[in-house]
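*Asks:*
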Amino acid sequence: MARMHARRKGKSGSNKPSTKEVPKWVKIKPKKVEELIINYKKKGLSTSQIGIKLRDSHGVPNTKTITGKKINKILTEKELSPKFPEDLMNLMKKAVKLHKHLKENTHDIHNKRSIQLIESKIHRLVKYYRKTNKLPEKWTYSYERAKLLVE
């Protein structure tokens, strides 16, 4: 599979475990995992940070195999899920940072191209999230709106 905005091939990210059952060495109970997820969210961690924290500190290889639900599902049941998806917010933060950089450095042509690529990714994600009803149907991306959301 080729990269989206580069001229080279490459492998995608990590692979999920092939088995769907809980490993024998995992001793943590599903209720404890859900409590940890809720506590970490209340501390202000994002869903990906929660997953990393569970993996590194508590030895949880995959929350879905243990609890039967993903982290986002657990957070939506407890009404703690974020208003906007995490990947969209990360891209908007990056775009806002780059816009600030380009205001100070007007001749930086390489980053002018990278802001175009980032914003095209944002538009594609917004289109997808509108189709899946995770964003309102009339919601559109603009730099001013992203700046207000991020800051």
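Here our numbering is used: the first residue of the sequence shown is 8, the next is one more, and so on.
Glycine is no exception: its CB is placed at the ideal position from the N, C-alpha and C atoms.
Quick caveat, the model's predicted, so the values are computed rather than measured.
#1: Counting beta carbon pairs with one atom in the region 32-43 and one in the region 59-66, are three or more of them shorter than 8 Å?
#2: What does a CB cutoff of less than 6 Å around V103 pick up in its chain, not counting 5 residues either side in sequence?
#3: Return the Cβ separation of I125 and L98 in integer angstroms, given the expectation that the two are a contact with Cβ distance under 8 Å.
#4: To the nearest angstrom, how far is the alpha carbon of N118 from that of K76?
#5: DSSP three-state label for K141, please.
#6: Express the C-alpha separation of T70 and R137 in angstroms, rounding to a whole number.
#7: Using the C-alpha atoms, what's the distance from K134 back to I57?
#8: Tell me which same chain residues have a C-beta within less than 8 Å of the C-beta of H106, skipping the five on either side of it?
*Replies:* Reading from the atomic positions:
#1: yes
#2: A153, K154 and V157
#3: 6 Å
#4: 40 Å
#5: coil
#6: 27 Å
#7: 27 Å
#8: I122, Y150 and K154
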